[in-house]
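Peer 1:
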Amino acid sequence: MSAETRVEVRPLIDTDRGWANQLIAEEWGSSLMVSRGVLYDMTIFPGFVAWRGPERVGLLTYRIAGHECEVMSLDSRAEGIGVGSALLAAVQTAAQLAGCSRLWLITTNDNVHALRFYQKRGFRLAALYPNALEASRRLKPQIPLIGLEGIPLRDEIELEIILDN
Ligand SMILES: CC(C)(COP(=O)(O)OP(=O)(O)OC[C@H]1O[C@@H](n2cnc3c(N)ncnc32)[C@H](O)[C@@H]1OP(=O)(O)O)[C@@H](O)C(=O)NCCC(=O)NCCS
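For the record, in the sequence shown the residue sitting at position 147 is 176 according to our numbering, with numbers rising by one throughout.
1. So, at 6 Å on beta carbons, what are the nonlocal neighbours of Ser64 in its own chain, with the 5 sequence-adjacent residues on each side left out?
2. Run the proximity test for Val38: is its beta-carbon closer than 8 Å to any non-hydrogen atom belonging to ligand 1?
3. I'd like to check one pair, Ile172 with Pro181: are the Cβ atoms closer than 9 Å?
4. Does DSSP put Glu108 in a helix, in a strand, or in coil?
5. Report yes if the CB atom of Ile110 is closer than 9 Å to the CB atom of Arg145, and no otherwise.
6. Out of Ala124, Lys169, Val112 and Asp104, point me to the one whose CA is closest to Asn140's CA.
7. Taking 8 Å as the cut-off, is the CB of Thr136 close to at least one heavy atom of ligand 1?
8. State yes or no: is the C-beta of Phe77 within less than 9 Å of the C-beta of Met101?
9. DSSP on Thr122, reduced to helix/strand/coil?
10. Which ranges would you report for the alpha helix (DSSP H) in the stretch 37 to 92 if only whole runs of at least 4 residues count?
11. His142: beta carbon under 8 Å from a heavy atom of ligand 1?
12. For Cys98, write down the residues that DSSP places opposite it in a beta bridge.
13. When we look at the beta-carbon of Trp133 and count the other beta-carbons within 10 Å, is it buried (16 or more) or exposed?
14. For Ala164, which of Val67, Met71 and Leu188 has the nearest alpha-carbon?
Quick look at the structure:
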């Protein structure tokens, strides 16, 4: 791989925050995100930033609660060159080092690309929450009715990797 395409992942630091907050607002419509009926302020979580040379090309944020680590967001600004995979590998290592027994995340029924992506990287389907988006919209009214590829946006899907700890 050439120097221009090599992807390096570093922990999110204070100087990344402005860029990270802007990316989240652009990709997710606001700095607030709903997961399993809870509204989160996305500007406070730890994370990892993917760099290609001098450019930031991806962001993953996560939260650790008890022995579980939830991926709160994952966004690649340079798809298909390993950014998403590298960020996931970094959070899996961080979760393992923190003593977590489970890495998990929520995606939505319309995000068939993410479902494919995560399953190919070891995640298993753990739960389906039918119609969960109805409750989420009460907390975050900007969530659209129609999601990616014209698919009605209705359900939350939980994916997980059980970690050896
Ligand atoms: C899902 C997402 C994070 C994937 O990020 P990405 O940077 O494209 O991920 P990768 O490059 O690691 O992998 C994507 C594909 O590129 C391929 N790829 C990885 N490195 C590659 C390389 N060096 N050369 C060519 N292809 C490569 C992978 O094989 C993969 O294909 P596969 O899923 O069939 O195996 C990205 O599409 C995204 O940001 N989506 C929008 C936000 C979103 O939906 N986030 C998840 C919400 S829960």
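Backbone N, C-alpha and C define an ideal beta-carbon position, used for all residues, glycine too.
Peer 2: Reading off the structure:
1. Residues Ile135 of the same chain have their beta carbon placed closer than 6 Å to that of Ser64, with the five preceding and five following residues left out of the count.
2. Checking the Cβ of Val38 against ligand 1 gives no.
3. Cβ distance not < 9 Å, so Pro181 and Ile172 don't count as in contact.
4. Here Glu108 sits in coil by DSSP.
5. No, Cβ-Cβ distance for Ile110 and Arg145 is not below 9 Å.
6. Out of Ala124, Lys169, Val112 and Asp104, Asp104 has the C-alpha closest to the C-alpha of Asn140.
7. With a cut-off of 8 Å, the C-beta of Thr136 is classified as near ligand 1, since at least one heavy atom of the ligand falls inside that distance.
8. Not a contact, by the Cβ cut-off of 9 Å.
9. In the three-state scheme derived from DSSP, where H, G and I count as helix and E and B as strand, Thr122 is classed as helix.
10. Listed in chain order, the complete alpha helix (DSSP H) runs (minimum 4 residues) inside the stretch 37 to 92 are 46 to 57.
11. The nearest non-hydrogen atom of ligand 1 is less than 8 Å from the C-beta of His142.
12. Listed as beta-bridge partners of Cys98 by DSSP are Ile93 and Leu132.
13. Burial call: buried.
14. If we check each option's Cα against that of Ala164, Val67 comes out closest.
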